[in-house]
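Working notes for the structure below.
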Amino acid sequence: MTILTRIKRFSFQNKEIIILLLIYAVLYSFNLGKFPVVNGDENWFINPAYDLATFGKMGTTMIYGSCNLANFTYWQPPVFILLMATSFKLLGFGVIQARLVSVSLGFLTVLFTYLLGFKLYNKKIGLLTSFALISNPLFFMVSRNARMEIAVACFMIIALYFTFLALKEFKIGYYFASAFFAMLALLSHPNGLIAILSVVIIILAEKIDFKTLKFNLNLNEIGAFISGILLPLIPYALYISLDFAAFKGQFMGNIARSPSNPLSNILVEPTRYINLFWWLNQYNGLFLAFLVLALVVILTVLGLYYLSREGRFGRKFLLIVLMVNIGVFAVLVYHKFFIYLGLTIPYLSIIMALTLKNKIKFKMNRRSIMSVIIIVLWFMLIVGNCIFIISFLEKTNDYDYMRIEYEVQKYIPHGSIVVGDHNYWIALHDNYKYYGRENVNKTNEMMVDLRAEYILYDNIWAMEDDYIEIFINQNCTLIAEIPSNDTAGFGITKVYQVKRTS
1 MTILTRIKRF SFQNKEIIIL LLIYAVLYSF NLGKFPVVNG DENWFINPAY
51 DLATFGKMGT TMIYGSCNLA NFTYWQPPVF ILLMATSFKL LGFGVIQARL
101 VSVSLGFLTV LFTYLLGFKL YNKKIGLLTS FALISNPLFF MVSRNARMEI
151 AVACFMIIAL YFTFLALKEF KIGYYFASAF FAMLALLSHP NGLIAILSVV
201 IIILAEKIDF KTLKFNLNLN EIGAFISGIL LPLIPYALYI SLDFAAFKGQ
251 FMGNIARSPS NPLSNILVEP TRYINLFWWL NQYNGLFLAF LVLALVVILT
301 VLGLYYLSRE GRFGRKFLLI VLMVNIGVFA VLVYHKFFIY LGLTIPYLSI
351 IMALTLKNKI KFKMNRRSIM SVIIIVLWFM LIVGNCIFII SFLEKTNDYD
401 YMRIEYEVQK YIPHGSIVVG DHNYWIALHD NYKYYGRENV NKTNEMMVDL
451 RAEYILYDNI WAMEDDYIEI FINQNCTLIA EIPSNDTAGF GITKVYQVKR
501 TS
């Protein structure tokens with residue numbers, strides 16, 4: 001059989017998922033530099049990737065602080081940053097090049113969600129799950145954002161796919177792959193702990209006979225799993241060893257300083273879903289936001305009902321993943337960013353897809369009537385999701401994250417030391433020594449240490465920092481007011497020149 005014949009046969013046998021992936025590639029790449037609006041987090045994460053691709057060191061130069069931040073980035077794990085640096089090396093620098101990494105990871109997430117749904121159940125579930133994922137507005141945002149959530153989601157779904165294969169096909173290499181990709185998830189973002197816990201608990205739940213307390217993992221399987229953990233972990237440990245004091249300082253200053261308390265975390269857990277609701281509301285109003293979320297809840301509850309009637313392994317597999325997701329977020333995660341919910345979308349999509357697992361027969365009985373109701377719910381959800389995605393692209397169509405550069409150059413000479421909102425680093429870093437602002441009592445210290453020459457001052461900074469107005473009134477002269485893109489929520493930015501002191 002020739003290679004061409006094999007390709008044709010493979011394409012014919014998998015034509016549905018290939019079509020869905022092509023739709024994903026076109027839709028998710030469209031207007032990539034406009035939606036979502038470039039945010040401060042993206043600037044923070046792109047900065048060390050740019051420095052690595054350009055200067056050969058993974059430093060975060062835009063953030064004021066000690067702990068050798070300008071030369072080593074330890075305050076976030078490195079995998080996603082390394083992937084962006086690779087993109088910059090190959091394609092040049094820019095927001096689109098950074099976000100193409102996320103789009104590519106999202107592509108793999110859709111593919112492996114399909115494969116996992118197929119393996120757990122059947123091809124129909126895999127395809128329906130992938131379609132639900134592609135049309136999900138939150139997944140649309142997560143997969144186009146230069147943040148680490150999509151990396152965690154991607155590596156976790158791949159890890160779980162290989163976990164399934166390891167438990168069902170008994171090949172040593174699958175244990176290695178399962179651990180390797182779970183570790184990549186953790187080395188992309190601390191939330192990747194979910195991937196490690198899910199994989200370990202699923203394996204233990206399947207391999208421990210709780211009646212006899214017999215452990216059915218052999219040494220080869222354990223060795224392969226440990227090797228998968230160590231392979232990506234050892235290079236990271238070597239990187240940490242380059243400046244362990246900086247690692248300790250950055251880790252304690254960022255991740256470890258979180259005032260996380262399990263009880264308070266659980267109490268404020270609903271804010272994650274409330275924030276998601278208000279985010280959707282700003283694009284299409286209360287009714288559609290409420291309707292879409294209500295449809296998701298209804299289909300998820302129905303899916304859980306069907307899941308409870310499924311076979312032992314599929315039910316155990318998905319329930320463990322969901323419980324680990326919910327447990328880690330509710331108990332350990334202090335910052336209740338609704339974007340973290342993007343990590344659970346693949347598994348919720350599989351559960352929702354179970355509502356259409358059985359063959360639909362249009363007869364006058366309770367099962368057929370329920371099937372028709374579920375089809376109507378799915379139709380309404382897909383239409384609502386598509387309206388949101390269209391609205392995202394329409395409402396940010398005129399957004400231009402480089403607009404601030406054109407305005408600033410009218411008043412600030414090239415090479416000046418400028419302090420302003422983190423959102424502007426990408427647009428201004430080429431022409432200025434640009435630093436993102438710090439809040440509260442760091443203001444004076446920061447301005448003095450950096451010998452700041454100009455300040456870009458906006459309403460957001462004013463609301464978050466009581467000290468900045470005092471500093472500006474005592475040390476600065478207003479030289480201009482420039483328009484900021486309203487999509488970013490800043491309105492007018494004031495340009496101040498810091499008075500020179502002897």
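According to the UniProt record's numbering, the sequence shown is numbered sequentially starting from 1.
All C-beta atoms, glycine included, are put in the ideal place defined by N, C-alpha and C.
Practice task
Below 8 Å on the Cβ atoms is my guess for residue 503 versus Ile134; work out the distance and round it to an integer in Å.
Solution key: Within the shown structure, residues of the chain are numbered from 1 to 502, placing residue 503 beyond reach of any answer.
Handout entry: Short Cβ contact (8 Å threshold) for Ala195 with Val79
Key = No, they are not a contact pair.
Practice task
Below 7 Å CB to CB, which residues in the same chain sit around Tyr50 once its five sequence neighbours on both sides are set aside?
Solution key: Excluding residues up to 5 positions away in sequence, Phe88, Phe93 lie with their Cβ nearer than 7 Å to the Cβ of Tyr50 in the same chain.
Problem - Limits of the alpha helix (DSSP H) - the one that Cys154 falls within - result: Per DSSP, Cys154 belongs to the alpha helix (DSSP H) from 149 to 169.
Problem - Any non-hydrogen atom of the ligand FAD closer than 7 Å to Phe45 Cβ - result: The ligand FAD is not part of the structure shown, which contains no ligands of any sort.
Exercise for the section: Decide if Ser178 is buried, meaning its Cβ has at least 16 other Cβ atoms within 10 Å, or exposed. Expected result: It is buried - the Cβ of Ser178 has at least 16 other Cβ atoms within 10 Å.
Exercise for the section: Go to Ala452, then tell me how far its beta strand (DSSP E) extends in each direction, as first and last residue. Expected result: Boundaries cannot be given for Ala452, as no beta strand (DSSP E) includes it and DSSP labels it neither H nor E.
Practice task
Give every residue of the same chain whose Cβ lies closer than 6 Å to the Cβ of Leu302, excluding the five residues on either side of it in the sequence, and list them in chain order.
Solution key: Excluding positions up to five away in sequence, the list reads Thr355.
Practice task
Go to Leu238, then tell me how far its beta strand (DSSP E) extends in each direction, as first and last residue.
Solution key: Premise fails: Leu238 lies in the alpha helix (DSSP H), 219 to 241, not in any beta strand (DSSP E).
Practice task
Could you tell me if Tyr305 is buried or exposed, where buried requires 16 or more neighbouring beta carbons within 10 angstroms of its beta carbon?
Solution key: Burial check for Tyr305: the Cβ neighbour count within 10 Å stays below 16, so the residue is exposed.
Handout entry: At least three beta-carbon pairs within less than 8 Å, the region 191 to 211 to the region 131 to 145
Key = No contact exists between the region 191 to 211 and the region 131 to 145.
Practice task
Excluding the 5 residues preceding and the 5 following Gly173 in the sequence, name in chain order all residues of the same chain whose CB lies nearer than 8 Å to its CB.
Solution key: Excluding sequence neighbours, Gly173 sits near Ala224.
Exercise for the section: Mark Arg147 as exposed unless 16 or more other C-beta atoms lie within 10 angstroms of its C-beta, in which case mark it buried. Expected result: A residue is called buried when at least 16 other Cβ atoms come within 10 angstroms of its Cβ; Arg147 meets this threshold and is buried.
Problem - Residue span of the beta strand (DSSP E) that contains Val419, given as start and end - result: Its beta strand (DSSP E) spans residues 417 to 420.
Exercise for the section: Measuring alpha carbon to alpha carbon, tell me which of Tyr496, Gly491, Ala462, Glu464 ends up nearest Cys476. Expected result: In terms of Cα proximity to Cys476, the closest of Tyr496, Gly491, Ala462, Glu464 is Tyr496.
Exercise for the section: Using a threshold of 8 Å, state whether the C-beta atoms of Ser391 and Asn284 are closer than that. Expected result: Ser391 places its beta carbon less than 8 Å from that of Asn284.
Handout entry: Residue of Thr54, Ile373, Tyr175, Thr113 minimising C-alpha distance to Phe222
Key = According to the sequence provided, residue 222 is Ile. The question's Phe does not apply to it. That would be Tyr175, whose Cα lies nearest to the Cα of Ile222.
Problem - 8 Å Cβ cutoff met for Glu407 and Pro483 - result: In this structure, Pro483 lies closer than 8 Å to Glu407 by Cβ.
Problem - Residue closest to Ala25, alpha-carbon to alpha-carbon, out of Ser104, Ile351, Leu83, Ala85 - result: Nearest option by C-alpha distance: Ser104.
Practice task
With a floor of 4 residues, list each alpha helix (DSSP H) that falls wholly inside the region 299 to 348, ordered by position along the chain.
Solution key: Within the region 299 to 348, the complete alpha helix (DSSP H) runs of at least 4 residues are 312 to 331.
Exercise for the section: Could you round the C-beta distance between Tyr64 and Glu438 to whole angstroms and report it? I think they count as a contact, below 8 Å. Expected result: Between Glu438 and Tyr64 the Cβ distance is about 5 Å, and since that is below 8 Å, they are a contact.
Practice task
Determine, using beta-carbon pairs with one atom in the region 345 to 354 and one in the region 116 to 132, whether at least three such pairs fall under 8 Å.
Solution key: The way I'd put it, the region 345 to 354 does touch the region 116 to 132; three or more beta-carbon pairs between them come closer than 8 Å.
Problem - Residues of its chain near Asn254, where Cβ-Cβ distance is below 7 Å and the 5 sequence neighbours each way are ignored - result: So the qualifying residues of the chain are Trp75.
Handout entry: C-beta contact flag for residue 515 and Asn39 at 8 Å
Key = With the chain covering only 1 through 502, there is no way to say anything about residue 515.
Exercise for the section: Note down, in chain order, each residue of its chain lying with its Cβ closer than 6 Å to the Cβ of Gly249, except the 5 sequence neighbours on either side. Expected result: Here Gly249 has Cys67 as same chain residues with Cβ atoms under 6 Å from its own Cβ, once five neighbours each way along the sequence are excluded.
Handout entry: Burial state of Glu464, where buried means 16 or more other Cβ atoms lie within 10 Å
Key = By the neighbour-count rule (16 or more Cβ atoms within 10 Å), Glu464 is not buried but exposed.
Problem - Three-state secondary structure assigned by DSSP to residue 510 - result: A query on residue 510 cannot be resolved here, the shown segment of the chain reaching from 1 to 502 and no further.
Exercise for the section: Give the DSSP-derived three-state secondary structure of Val408 in the structure shown. Expected result: In the three-state DSSP reduction, Val408 falls in the helix class (H, G or I).
Practice task
Verify whether the separation of the beta carbon atoms of Gly491 and Asn444 is less than 8 Å.
Solution key: Against a cut-off of 8 Å, the Cβ pair of Asn444 and Gly491 comes out as no contact.
Exercise for the section: Tell me whether Pro483 sits in a helix, a strand or coil according to DSSP, three-state version. Expected result: Correct three-state label for Pro483: strand.
Exercise for the section: On the DSSP bridge assignment, give the partners of Tyr496 in chain order. Expected result: Its beta-bridge partners are Ile455, Leu478.
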